[in-house]
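Structure (structure tokens):
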């Protein structure tokens, strides 16, 4: 179900503030040859103190990371996670791969543990000493370089900014002065108009969305292949974009063919402010049916599809209800 959702939803944390401090780890306590994992900027992050055999395995991967690899990987990631988050990772990743001494020369390897082309979390195969994207079976060496330099298989795993001094590993707090815009020129593309609109929403480009809709109001009724509407697609984007579409009359209660509602998608990506906003504009918490499509209650969705405890699910719903009062 969640893989299907990725086809119709662009997940974005681009509008969230990054209030993260440096992460300091005593490298002397790291296990040799096994990753430790934790979340950083809402992303799975992997830290490895490689064994001698793993370093040899990394060095056997002679693939070079190309400018095209980096461009495609960052454009894909920025489209799903936002330009701001992509900007945070861009310089340390590019610098690491431009240096004559690549990441595999470091005593510790730190990677963001997702394939930026698909958004799937990576797993480690310690027998083969490779990283695996389970969604596409793409293989990477343990320093994040693709093993096959071909199309999507040439994704590059991103590297946060980090330093090692003595036994102290420091993953630096993100700092962004100027956000890089990785988006293409959507209006100049050869895509059909409906696809341009979906792309503009994916990139959170309110100005482009307005331009397209003002030219053709019928676009407001556009739906995806699984029957989700524009508010579904915008539920994880900026509140300004979401507000514009709602003001234009796009429904906040439509149920996709896969039984998802806009508020479910907002909750899935942690956009609680958007969920509160949707509640203030007609979204429903209880189970309901609309046009022969039925959605479960938000409580059941959080508990049974997101895997939260009943108590935490209830807390989240209370949080977005309280949030309604401040909007």
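Residue numbers (the numbering used here): 1 to 327.
C-beta atoms are modelled at their ideal positions from N, C-alpha and C, and glycine is treated no differently.
Check	Outcome
With DSSP collapsed to three states, give me the class of residue 324.	helix
Short check: CB of residue 30 to CB of residue 47, under 9 Å?	yes
At the level of alpha carbons, what is the spacing between residue 320 and residue 213?	30 Å
When DSSP builds the beta bridges, which residues end up paired with residue 257?	Answer by DSSP bridge pairing: none, since residue 257 is not bridged.
Which same chain residues, not among the five before or five after residue 100, have their C-beta less than 8 Å away from its C-beta?	Only weak support is given to the placement of residue 100: the predicted model assigns it a pLDDT of 48, under 50, and the value that follows is read from those uncertain coordinates. Counting only Cβ-Cβ distances below 8 Å, and skipping sequence neighbours, we find nothing.
Which of the three DSSP states, helix, strand or coil, is assigned to residue 125?	strand
Our contact map puts residue 63 next to residue 146 with C-beta atoms below 8 Å; I'd like the distance itself, whole angstroms only.	6 Å
When you compare the region 82-98 with the region 49-60, are there three or more beta-carbon pairs, one atom per stretch, that lie closer than 8 Å?	no
Based on DSSP bridge pairs, tell me the residues matched to residue 40.	43
Here's the rule: buried if 16 or more other CB atoms are within 10 angstroms of the residue's CB, otherwise exposed. What is residue 294?	exposed
Quick one: what does DSSP say residue 107 is sitting in, helix, strand or coil?	coil
Check residue 308 in the structure and name its three-state DSSP category.	coil
Taking residue 87 and residue 176 to be in contact with their CB atoms under 8 Å, please state how far apart those CB atoms are, rounded to whole angstroms.	5 Å
Between the C-alpha atoms of residue 205 and residue 196, what's the straight-line distance to the nearest angstrom?	11 Å
Starting from the C-beta of residue 104, find all residues in its chain whose C-beta is less than 7 Å away, skip the five residues before and the five after it, and write them out in chain order.	The pLDDT assigned to residue 104 is 48, lower than 50, so where the model puts this residue is not dependable; a value taken from the coordinates is nonetheless given after this. Here the set comprises 55, 58, 59 and 143.
Spatial neighbours of residue 75 within its chain, please: C-beta separation below 7 Å, excluding the five flanking residues on both sides.	182
Can you grab the Cα-Cα spacing for the pair residue 262 / residue 168, in whole Å?	44 Å
In its own chain, which residues sit with a C-beta less than 8 Å from the C-beta of residue 179, not counting the 5 before and 5 after it?	83, 84 and 87
Let me check understanding here. Comparing Cα to Cα, which of 166, 124 and 237 lies closest to residue 202?	237
Rounded to whole angstroms, what's the CA-CA distance from residue 292 to residue 255? Just pull it up for me.	9 Å
Using the three-state DSSP reduction, which class does residue 226 fall into: helix, strand or coil?	coil
Cβ of residue 131 within 9 Å of Cβ of residue 111?	yes
For the putative contact between residue 297 and residue 285, defined by C-beta atoms under 8 Å, what is the C-beta separation to the nearest angstrom?	7 Å
State the Cα-Cα distance for the pair residue 159 and residue 289, rounded to the nearest angstrom.	45 Å
Assuming residue 207 contacts residue 193 under a Cβ cut-off of 8 Å, what Cβ separation, rounded to an integer in Å, is found between them?	Residue 207 to residue 193, Cβ: 16 Å. No contact.
Cutting at 7 Å between CB atoms, please list the residues of its own chain near residue 234, excluding the five before and the five after it.	201, 241, 242 and 245
Give me the Cβ distance between residue 123 and residue 61, rounded to the nearest whole Å; I'm assuming they're in contact under 8 Å.	About 18 Å; that fails the 8 Å criterion.
Contact check, residue 231 vs residue 250 under 8 Å by CB: the rounded distance?	5 Å
As a quick exercise: from 156, 313, 128 and 108, pick the residue whose alpha carbon is nearest that of residue 77.	156
What do you get for residue 45, buried or exposed, if any count of 16 or more other CB atoms within 10 angstroms of its CB means buried?	buried
Classify residue 277 as buried or exposed, calling it buried when 16 or more other Cβ atoms lie within 10 Å of its own Cβ.	buried
Provide the residue span of the alpha helix (DSSP H) that contains residue 70, from first to last.	67-81
What do you get for residue 24, buried or exposed, if any count of 16 or more other CB atoms within 10 angstroms of its CB means buried?	exposed
State buried or exposed for residue 327, treating a residue as buried only when at least 16 other CB atoms are found within 10 Å of its CB.	exposed
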